[in-house]
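According to our numbering, the sequence shown is numbered sequentially starting from 131.
Each residue gets a CB set at the ideal place from its N, CA and C atoms; glycine is no exception.
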Amino acid sequence: MMEMSKEYGTALFMLAKENGAEEEYDTALHTVLSAFEENAMYVDFLASPSIPLRERTDAVEQAFGGAVPEHIISFVQILCEGGRIRGFSDCVKVYRELFQVSRHVSTAKVISSVALTETEEQQIREKLEKMSGNSVMLECSVDSSLIGGVVIEMDGKVMDGSLRRRLYEVKEVISR
């Protein structure tokens, strides 16, 4: 499913770039994605082969017509026609990644053992921006199993500074 999402998300990004509408499409995709997340039954409806395709594609037009660009409506309809609407969120993720790369923005997922303060978040952001040369958006979450420290995932790299990882390394050294 991810390979299909990559192809569709990339094709949509290329179309947006061609039209100079990358940000507009990004906003519209997130509008549709939010609607799908708020009402999971809507995706079930769009994916249902027992409902005529015309009825499903018309429902997309009725729900989003005028609210999002026509290319986004067509994109959702194409996914419905191909039986791939359940991969919509993955397509949005691929699009978002390409959009951020084009704007020199990286997203860093920061997992800590306790909630970070604003100052700590700012310090992490500044260090990551210095390392990457990009603007960095943080997505912070808490995982109490880390015991202490942080794990950061950004641009396909994982930086594990957790106490759990350090204890594992000590265990490996002792067991040799």
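>> What does DSSP give as the partner residue(s) for Leu-268 in the beta ladder?
In response: Ala-238
> At a cut of 8 Å, does the stretch 228-243 reach the stretch 186-197 through at least three beta carbon pairs?
Replying inline: no
> Cα-Cα, which of Asp-156, Gln-207, Val-222 is closest to Pro-182?
Replying inline: Gln-207
> Is Asp-285 helix, strand or coil by DSSP?
Replying inline: coil
>> On the DSSP letters alone, give me the boundaries of the alpha helix (DSSP H) that Gly-276 sits inside.
In response: Note that residue 276 is Leu in the sequence shown, not Gly. Careful: Leu-276 lies outside any alpha helix (DSSP H) and carries neither H nor E.
>> Less than 9 Å between the beta carbons of Thr-187 and Cys-210, yes or no?
In response: yes
> What did DSSP end up calling Val-222 once you bin it into helix, strand or coil?
Replying inline: helix
>> Taking its Cβ as the centre, do 16 or more other Cβ atoms sit within 10 Å of Met-284, making it buried, or is it exposed?
In response: buried
> Thinking just about the alpha-carbon of each residue, which of Ala-189, Thr-157, Asp-156, His-160 is nearest to the one in Tyr-172?
Replying inline: Ala-189
>> Restricting to Cα atoms, I'd like to know which of Ala-177, Phe-205, Glu-133, Glu-168 is closest to Ala-158.
In response: Phe-205
>> Using DSSP's beta-bridge definition, name the partner residues of Val-280.
In response: Ser-242
>> In whole angstroms, give me the CA-to-CA distance for Gly-291 and Glu-259.
In response: 18 Å
>> Alpha carbons only, please: which of Ile-215, Ser-236, Leu-293 is nearest the one belonging to Met-267?
In response: Ser-236
> DSSP on Gly-213, reduced to helix/strand/coil?
Replying inline: coil
>> Using the three-state DSSP reduction, which class does Gly-139 fall into: helix, strand or coil?
In response: helix
> Taking C-alpha atoms, which residue in Leu-176, Leu-228, Ser-178 lies nearest to Tyr-138?
Replying inline: Leu-228
>> Spatial neighbours of Asp-156 within its chain, please: C-beta separation below 6 Å, excluding the five flanking residues on both sides.
In response: Phe-229
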